[in-house]
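First comes the structure, then the notes that go with it.
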């Protein structure tokens, strides 16, 4: 276990150093959620046909926009893995004594820390827009833990895609193909109850739905988890475990 922690921590440190040296990615990733909350959220708040219960529409979509930010940031994480392969970094890592699970888990954990930065931006924007947030330490910690888990899920999924397609061009095409359908086939900007039956079925197997459901209950005053936190976190942990296993098995093929 100590070896696993040490190896994973080394990967996290390297990834965070990249972010410190080039923070422009954080700034660029912050622009989209600002637009969604400030423009899209306020416009749709005027549409009375979307029933969000006791929550204002802006409060309803705030957790969805946070989850969207996590998804969009993490799903393209694999492009960096392909760059590392082309630069020979992956070959060096695989030749090192570090175990493959440490390499993959370290990447997922680093994506989680990036997700925390995204969450910080969303919290600041939401406060400026007077969204009623739960700011007690337990709720904030639970939100950050959820964000880290969600980031890990989508970063690992991204790594699996990178191991399969192996080229930047194909990866970008598939990444763009997956992100918007996953976002719209979730409860991010409208509740499950108003979806057509076929879309509701897709949303129920979409891990993003369970991340948003947990965030809505943990983050928003008056919000609640429809599925229950036990179900939300069981689905997310199960998905992460399955993707982690697949990524560990596929990771060496990236160097081929």
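Residue numbers (our numbering): 225 to 480. Cβ atoms here follow ideal geometry from the backbone N, Cα and C, with glycine treated the same way. All of these numbers come straight from a predicted model, not from anything done at the bench.
Rounded Cβ spacing between residue i and residue j (contact assumed at less than 8 Å)
i           : j           : result
residue 349 : residue 405 : The pair is not a contact, with the Cβ atoms about 25 Å apart (cut-off 8 Å).
residue 375 : residue 294 : 5 Å
residue 471 : residue 328 : 5 Å
residue 302 : residue 386 : 3 Å
residue 325 : residue 390 : Actually they do not touch by this definition, with Cβ atoms about 21 Å apart.
residue 416 : residue 424 : 6 Å
residue 462 : residue 300 : Contact doesn't hold; Cβ gap of about 24 Å is too wide.
Spatial distance of residue i from residue j (CA atoms)
i           : j           : result
residue 409 : residue 426 : 6 Å
residue 354 : residue 260 : 15 Å
residue 383 : residue 473 : 11 Å
residue 280 : residue 452 : 21 Å
residue 454 : residue 370 : 12 Å
residue 314 : residue 368 : 30 Å
residue 457 : residue 291 : 14 Å
residue 323 : residue 289 : 35 Å
residue 344 : residue 361 : 14 Å
residue 319 : residue 254 : 36 Å
residue 245 : residue 238 : 11 Å
residue 421 : residue 317 : 46 Å
residue 229 : residue 347 : 30 Å
residue 476 : residue 366 : 34 Å
residue 428 : residue 226 : 38 Å
residue 341 : residue 358 : 18 Å
residue 276 : residue 304 : 38 Å
For residue i, the three-state DSSP class (helix, strand or coil)
i           : result
residue 359 : coil
residue 429 : coil
residue 444 : strand
residue 453 : helix
residue 277 : coil
residue 476 : helix
residue 226 : helix
residue 323 : coil
residue 374 : helix
residue 331 : helix
residue 300 : coil
residue 410 : coil
Neighbourhood of residue i by C-beta distance below 7 Å, restricted to the same chain and skipping five residues each side
i           : result
residue 287 : 436, 439, 440, 443, 444
residue 351 : 357
8 Å Cβ shell around residue i - same chain, five flanking residues per side excluded
i           : result
residue 388 : 474
Contacting residues, own chain, Cβ-Cβ under 6 Å from residue i (five flanking each side not counted)
i           : result
residue 285 : 265, 413
residue 459 : 434
residue 450 : 437
residue 332 : 376, 379, 380
C-beta contact flag for residue i and residue j at 8 Å
i           : j           : result
residue 298 : residue 378 : yes
residue 402 : residue 464 : no
residue 243 : residue 309 : no
residue 446 : residue 278 : yes
residue 334 : residue 467 : no
residue 363 : residue 283 : no
residue 336 : residue 232 : no
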